[in-house]
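Participant: Residue numbers (my numbering): 551 to 692. We treat Cβ as the ideally placed atom computed from N, Cα and C, and that holds for glycine. These figures come from a predicted structure and were not determined experimentally.
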């Protein structure tokens, strides 16, 4: 990992740590950690697509694989309807859990089909990933 990539990732981690401060539920903390891992993988891929960091095929493959694996974990992580005022999870998740799970599956599929051989390919794939993230966040994030 280049120093620039490391700086980007560490900055994202620090931002997530602040959001965790007031949450005490282990279930919610685990969900938040999962979403941070997804965000961090997407951030690396997005930065490569934009040319903010150099394209690194191995790092892109790792980030894509992490995105796929973590997207698959979303339904199980949110199965328990634990709530906390410091969480961004909307109660609508549990009102329509089948649709929420379908959104997670769409993210997994979009990430799974992403090509990582070039910044351009990553950019095309990230458009689809971004659509799935945006759709889910619009409905299920407060």
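Using a Cβ-Cβ cut-off of 8 Å (strictly less than) and excluding sequence neighbours within five positions of residue 665, which residues of its own chain qualify?
Facilitator: Result list for residue 665: 671, 672, 674, 675, in chain order.
Participant: Following the continuous alpha helix (DSSP H) through residue 658, name the residue where it begins and the one where it ends.
Facilitator: Counting along the chain, the alpha helix (DSSP H) containing residue 658 begins and ends at 647-663.
Participant: Span of the alpha helix (DSSP H) holding residue 637?
Facilitator: Per DSSP, residue 637 belongs to no alpha helix (DSSP H) and is neither H nor E.
Participant: Please classify residue 610 as buried or exposed, where buried requires at least 16 neighbouring CB atoms within 10 angstroms.
Facilitator: Buried, by the Cβ-count rule.
Participant: With 16 as the cutoff for other CB atoms within 10 Å, does residue 590 come out buried or exposed?
Facilitator: The residue in question, residue 590, is buried, as its Cβ has 16 or more Cβ neighbours within 10 Å.
Participant: In three-state DSSP terms, what is residue 670?
Facilitator: Helix at residue 670.
Participant: Return yes when the Cβ of residue 661 is within less than 8 Å of the Cβ of residue 594, no when it is not.
Facilitator: In this structure, residue 661 does not lie closer than 8 Å to residue 594 by Cβ.
Participant: Does the distance from the C-beta atom of residue 616 to that of residue 669 stay below 8 Å?
Facilitator: Result no, Cβ atoms of residue 616 and residue 669 do not sit closer than 8 Å.
Participant: In this structure, does DSSP put residue 642 in helix, strand or coil?
Facilitator: Helix, per DSSP.
Participant: Rounded to a whole number of angstroms, what is the C-alpha to C-alpha distance between residue 657 and residue 574?
Facilitator: Between residue 657 and residue 574, the C-alpha separation is close to 28 Å.
Participant: State the DSSP-derived secondary structure class of residue 691, mapped to helix, strand or coil.
Facilitator: Of the three classes helix, strand and coil, the one that applies to residue 691 here is strand, per DSSP.
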